[in-house]
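Since the structure comes first, as structure tokens, the remarks are kept for the end.
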Amino acid sequence: MLEQVLKERVAALVGEALRTVEVEIRRQLDSSVALIQEMGGYIAGAGGKRLRPMLLLLAARLAGYRGPRSVRLACVVELLHTATLIHDDVVDQAPLRRGRPSANAQWGDDASVLVGDHLYSKSFAMLVRDNDRGVMETLARATVSMTEAEVFQLERKRSGVTTEADYLRIITQKTASFISACCRIGALLGGIPAAQVEALTRYGLDVGVAFQISDDSLDFIADQDRLGKAIGSDLREGKLTLPLIAMLDRAPQWDAERVRGLLKRRALAPAEIEDIRRLVLKHDGVEYARERACAYAQAAKADLETFPPSDEREILALIADFVVDRDR
């Protein structure tokens, strides 16, 4: 119900702008190089939630901006986000993305890395043409944060130890910082007071953390067809996410030690993944993660209180609720 209401309200407010973003994304993916053209069409056709451009457009409207730059910059952030997804799938050797074979599964790691680099280049070329130092600095900080988080996550994975503090650091820098940057860019376009710019920046950070905790929880409870990737994919990739970390902290020693022993293996069998999933649910790992996600969503809604009531503010609050209530 919430998803349908949100879709209708977003469509009424920024639907036309989002359609223009889609057209511009496809135009930017057009190339005389056949492989870029082929992979670009495949990637654009996969769709997605378009959460980041949506948030940028809504933040810009909340800040009072109605010009064309918000659409161009929404395209920039989606191209940049798509590049990170392509590279993530190579690092994780993920076979699926949005319910279809990933780019690396279709064309191999080398082509995926290069096309991901191409998308990075296209996004920054658009950014330079926009020529706003504040916007460029915002995205530069976010991308540095994201790459640091990727390396830190790899470091933690190799050590075999990830604490809750480690996990929150990773998702804050890797996911939430970029979502926060999208909201900040929208705020900067409106030229609003610094306190309101910071409020929208915090909103994006809180929504981003809630979104990622919820996403990681779905890996244990979602329907695979709706989720668009294999259930237990984080476990297969050796990632310790909050539901699992919470279970290891809460479970009796014998259950925790059994799971730690399984996690040391290079490859988990389907039955072993199901065993870990069962223990995470038994010891309320998902429930704990959901409580944390809801707390961040509530904080995000509180961040909006510095703005007067409006359709944009209401929709941003609905998005905060949706990121923790979704099933995909």
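Take 1125 as the starting number for the sequence shown in the working numbering and just add one per residue.
We put the beta carbon where it would ideally sit given N, CA and C, even for glycine.
This one's a predicted model, so the numbers in the text were calculated from it and none came from an experiment.
* Where does residue 1119 sit, in a helix, a strand or coil, going by DSSP? -> Look at the range of the chain in this structure, 1125 to 1452, and you will see that residue 1119 is not part of it.
* Minimum C-alpha distance to residue 1327 - residue among 1363, 1421, 1196 and 1137 -> When only C-alpha atoms are compared, the closest one is 1421.
* Asked: Among the residues of its own chain, which have a CB less than 7 Å from the CB of residue 1150, if the five just before and after it don't count?
  -> Excluding sequence neighbours, residue 1150 sits near 1168.
* Is the segment 1279–1286 touching the segment 1236–1253, taking contact as three or more C-beta pairs under 8 Å? -> Counting C-beta pairs with one atom in each stretch, the segment 1279–1286 and the segment 1236–1253 have fewer than three that are closer than 8 Å, which means they do not touch.
* Which whole-angstrom value describes the C-beta separation of residue 1330 and residue 1427, a residue pair presumed to lie in contact below a C-beta threshold of 8 Å? -> Residue 1427 and residue 1330 do touch by the CB rule: their CB atoms are close to 6 Å apart, below 8 Å.
* What residues are listed by DSSP as bridge partners for residue 1225? -> Per DSSP, the beta-bridge partners of residue 1225 are 1220.
* Asked: Between which two residues does the alpha helix (DSSP H) containing residue 1420 stretch?
  -> Element bounds for residue 1420: 1409–1427.
* With a cut-off of 8 Å, do at least 3 Cβ pairs link the segment 1428–1437 to the segment 1183–1193? -> Because the criterion of three Cβ pairs below 8 Å is met, the segment 1428–1437 and the segment 1183–1193 touch.
* **Supposed close pair residue 1161, residue 1199 - CB separation, criterion 8 Å** => 18 Å between Cβ atoms; not a contact.
* Would you kindly work out how many angstroms separate the C-alpha atoms of residue 1315 and residue 1338, rounded to a whole number? => Between residue 1315 and residue 1338, the C-alpha separation is close to 32 Å.
* Could you check which residue in 1334, 1144, 1173 and 1341 has the C-alpha nearest to that of residue 1222? => Shortest Cα-Cα distance from residue 1222 to any of 1334, 1144, 1173 and 1341 involves 1173.
* Can the beta-carbon of residue 1298 be found less than 7 Å from the beta-carbon of residue 1270? -> A contact, by the Cβ cut-off of 7 Å.
* Separation of residue 1443 from residue 1400, as counted between CA atoms -> Straight-line Cα distance between these residues: approximately 31 Å.
* Proximity of residue 1366 and residue 1340 at Cβ, strictly below 7 Å -> Yes, these two residues count as a Cβ contact at 7 Å.
* Apply the 10 Å Cβ neighbour rule to residue 1075 and answer buried if 16 or more other Cβ atoms are within range, or exposed otherwise. => With the chain represented from 1125 up to 1452, any question about residue 1075 goes unanswered, as that position is not in the structure.
* To do: Return the chain-ordered ranges of every beta strand (DSSP E) run that is complete within the segment 1226–1255 and spans a minimum of 3 residues.
  => DSSP runs (the beta strand (DSSP E)) wholly in the segment 1226–1255: none.
* According to the Cβ coordinates, are residue 1295 and residue 1333 closer than 7 Å? -> Their beta carbons are under 7 Å apart, which means residue 1295 touches residue 1333 by this criterion.
* Nearest neighbour of residue 1145, chosen from 1158, 1127 and 1177 [CA to CA] -> Relative to the Cα of residue 1145, the nearest Cα in the group 1158, 1127 and 1177 belongs to 1177.
* Asked: Between residue 1217 and the rest of its own chain, which residues show a CB-CB distance below 8 Å, the 5 nearest in sequence each way excluded?
  -> Cβ within range, chain order: 1228 and 1361.
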